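Below: one structure, written as C-alpha cells.
Protein chains: 2
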Amino acid sequence: MAPERISDAEHAVMEVLWQRSPLTAADVADALADARDWSLQTVKTLLSRLTNKGAVSYDQDGRRYLYSPILAREDYVGDESRRLVDRLFGGRAAPLIAHLAEQKTFTAEDLAEIERLIGELKS
Amino acid sequence: MAPERISDAEHAVMEVLWQRSPLTAADVADALADARDWSLQTVKTLLSRLTNKGAVSYDQDGRRYLYSPILAREDYVGDESRRLVDRLFGGRAAPLIAHLAEQKTFTAEDLAEIERLIGELKS
DNA sequence: TCGTTTCGATTACATCCGTAGTCGTACACC
DNA sequence: GGTGTACGACTACGGATGTAATCGAAACGA
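So the protein sequences, as listed, match chains S and A. Under this note's numbering, residues 499 to 621 are what the first sequence spells out, in order. Under this note's numbering, residues 499 to 621 are what the second sequence spells out, in order.
Structural data, given as C-alpha cells:
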C-alpha cells in the first residue's frame, strides 16, 4: 500500500479543504472558481478520486457529502519536499538551499528569518 | 512554446546524460541498469521522447546516435525547485527551509554550510 | 552473398490525469 | 403527487506516461 500519489489538480482541491472543512463539493468548487476554471463536475471527480486514494473522507449530510481531509498538509508537504530533495539533491537539503540562494530566491526578510531558524537549530 | 515537462522516467535518463555525454542509447541503458530495471527499448523510447521535447539532441555516428543534453541541469533543477516552492510554500523559500528544519533534515555540517551561504548573501 | 544482429522508427497498450457528460434517484416546490 | 432539480455514481475520452514489441534497413560476420 504505497501511499497513492496526489496529482496537481487533486492537490488544488486538497488546499481548499486544508483551509476550511468540512465542505460540500459545491463549496470546494466555489473556493476554486478564482484559481481554476473548472466545472462543478470536474471538482466532484477530483473529490471522488481523492476519496478513493484515501486522502479525504466525507460525512453524509442528507443527500450531500461533507468532505474533510484525511491526509495532513504537513505530511503531504513533507513527502513532496523529501521527494524533490532526494531526486535532485541526493537527499541533502543544503544543496537545495545553495541552489535557491544562487537563484536569488531570498528576500532580505527571508535571510533574516533563515538566520534565526539556523540559530535556533544550533542551540 | 511552454517548456515541455519532463517526466520522472525521462529525468532518470537526463541524469545519466548530465553525468557523461555524448552517449549511445546502449550506454545510457547500461548506466541505468543498476537503478532501474528497464529494457533497452524502454530507454530508447525515453530518449526519443526527450528528443521530441527538445531536451536532448544527437549526433549521428554511423548507424547510431550519440545523445547529449540540451537542457542544462541547472535550469531543470531551478524550474523544479521553483515549482515546488510555488505550489507548497506560496513562492517563499523561507517556509521551505523552516519545514526542512522541523523535519530535522539538516546535519551539523548542513547547518554550518547554510550559515556560510547566508553570510555570503548578506554581504 | 546471405543470414544475423543492431539501429532507430513506428506501433502498442494499460494506467493516470485533466476535464467533463450522463444516469438514476431523492428532495423540494407547486 | 407530479416534476424539475441537485447529488453522487458511473462513463467518457484525449493526451501523457511507463514499459515495451515489432518493423524495415543497414552493417557485420562467415
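For every residue, glycine included, the Cβ atom is placed at its ideal position computed from N, Cα and C. Model, not experiment: these values are computed from the prediction.
- About 10 Å separates the beta carbons of Ala-570/S and Met-512/S, which is beyond the 8 Å limit, so they are not a contact pair.
- A distance of 8 Å or more separates the beta carbons of Ile-616/A and Leu-538/S.
- At the C-beta level, Val-583/A and Gly-576/A stay beyond 8 Å of one another.
- Per the coordinates, the alpha-carbon of Ala-531/A lies some 11 Å from the alpha-carbon of Ala-510/A.
- Interface flag for Leu-586/A against chain S is set, since a Cβ pair is found closer than 8 Å.
- Counted as a single uninterrupted DSSP element, the stretch harbouring Leu-564/A is not any alpha helix (DSSP H) but the beta strand (DSSP E) occupying residues 562-567.
- Taking 8 Å as the CB threshold, Val-575/A lines the interface with chain S.
- The contact set of Thr-522/A on chain S, defined by CB atoms closer than 8 Å, is empty, because the minimum CB distance reaches about 25 Å.
- Look at the beta carbons and you see the region 556-567 of chain S touching the region 515-533 of chain S: at least three pairs across the two are nearer than 8 Å.
- Closest in alpha carbon position to Ala-591/A, among Asp-573/S, Tyr-574/S, Arg-585/S, Glu-613/S, is Glu-613/S.
- Checking the DSSP bridge columns, you'll see Leu-521/A partnered with Tyr-565/A.
- Flagged as an interface residue toward chain A: Gln-601/S, by a C-beta distance shorter than 8 Å.
- Distance from the Cα of Ala-523/A is smallest, within the candidate group Leu-586/A, Leu-619/A, Ser-579/A, Leu-544/A, for Leu-544/A.
- Contact of Ile-612/S with chain A by beta-carbon distance below 7 Å involves Ala-592, Ile-595, Ile-616.
- Counting only Cβ-Cβ distances below 8 Å, Asp-608/S has contacts in chain A at Arg-590, Ala-591, Ala-592, in chain order.
- Residue environment analysis places Glu-508/S among the buried positions, since at least 16 neighbouring C-beta atoms fall within 10 angstroms of its C-beta.
- When C-alpha distances from Leu-548/S are compared across Ala-527/S, Glu-502/S, Arg-580/S, the shortest belongs to Glu-502/S.
- Taking CB atoms only, Ser-579/A has a neighbour in chain S less than 8 Å away.
- Across the structure, Trp-536/A and Ala-527/A are spaced so that their CA atoms are roughly 8 Å apart.
- For Asp-557/A, the enclosing beta strand (DSSP E) covers residues 554-559.
- Close CB contacts of Phe-587/A within its chain, under the 8 Å cut and outside five residues either way in sequence, are with Pro-593, Leu-594, His-597 (chain order).
- Against chain S, the CB of Leu-582/A has a partner CB under 8 Å away; the residue lies at that interface.
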